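What follows is a set of notes on a single structure, which appears directly below.
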């Protein structure tokens, strides 16, 4: 049994990017889909689709994005809040990350959103991960 499905998804994306694979396969959860929506909106990935599998087990196929030099667009993707240590920030604390080049993905009462949207909506929440 897996305790942290978000950390597993981020590790699968990181490993697939290091191996320069076109597609990474993730386990399905609504939170992972929310994180992937933010990654798609911020253009860290080219797309994803949810696939129904055997015994009602869904998976997600993520299409990774590379630049002209065949280097992954994602330099670093890191889990912040973990099951043993949850990290919460208010809106003013998540305003900027890596001087605007990075993104903090936050789970709020308005859903899973990026740090700039959370700051604009003046909501805080659990910091899921950081990407740059």
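Residue numbers (our numbering): 92 to 223. Glycine included, each C-beta is placed from N, C-alpha and C at the ideal position. As the structure is a computational prediction, the values presented were derived from the model and not from experiment.
(request) Check each candidate in 214, 164, 175 and name the one with the smallest Cα separation from residue 183. (result) 214
(message) Assuming contact is defined by CB atoms lying nearer than 8 Å, are residue 205 and residue 129 in contact in what I supplied?
(response) In contact: residue 205 and residue 129 (Cβ atoms closer than 8 Å).
(request) From the DSSP output, in three-state form, read off residue 210 for me. (result) Look at residue 210 here: in three-state DSSP terms it is helix.
(request) Would you give the residue range spanned by the alpha helix (DSSP H) that residue 132 belongs to? (result) 121–132
(message) If I follow the unbroken alpha helix (DSSP H) through residue 98, where does it start and stop?
(response) 96–109
(request) Measuring alpha carbon to alpha carbon, tell me which of 218, 133, 163, 132 ends up nearest residue 169. (result) 218
(message) Tell me the DSSP secondary structure of residue 191 in three-state form.
(response) helix
(request) For residue 114, count neighbouring Cβ atoms within 10 angstroms of its own Cβ and tell me buried if that reaches 16, exposed if not. (result) exposed
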